[in-house]
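S.K.: Residue numbers (the working numbering): 20 to 71. Ideal Cβ positions, reconstructed from N, Cα and C, are used throughout, including at glycine. Bear in mind that the values here come from a model prediction, so they are computed numbers and not experimental data. Pasting a structure below so you can have a look.
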């Protein structure tokens, strides 16, 4: 199995009474037809996950 494609999605949302929150989602596609999704978010409010 080899990685064929990687997609990265950066998401930000802001509830009305709280600061904005950020998260990065990664979808990996393989040459055998399988795929998977992963998520990373900063636990302390940093921007680390957006650097993926």
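Determine the extent of the beta strand (DSSP E) in which residue 39 is found, giving its start and end residues.
M.R.: By one-based count along the chain shown, residue 39 stands at place 20. Where residue 39 is concerned, there is no enclosing beta strand (DSSP E), given that its DSSP letter is neither H nor E.
S.K.: Can you tell which of 33, 44 and 53 has its C-alpha closest to the C-alpha of residue 60?
M.R.: As a working note, residue 60 is residue 41 in the chain shown. Selected option, being the one with the closest Cα: 44.
S.K.: Which first and last residues belong to the beta strand (DSSP E) in which residue 59 is found?
M.R.: Residue 59 sits at position 40 when you count from the first residue of the chain shown. Per DSSP, residue 59 belongs to the beta strand (DSSP E) from 54-59.
S.K.: As a quick exercise: from 29, 51, 53 and 49, pick the residue whose alpha carbon is nearest that of residue 42.
M.R.: Counting from one through the chain shown, the residue named residue 42 turns up at place 23. Residue 29 is the option with its Cα nearest to residue 42.
S.K.: Given residue 21, which residues of its chain have a CB within under 6 Å of its CB, disregarding the five upstream and five downstream residues?
M.R.: The sequence position of residue 21 within the chain shown is 2, counting from 1. Within the same chain, residue 21 has close Cβ partners 50.
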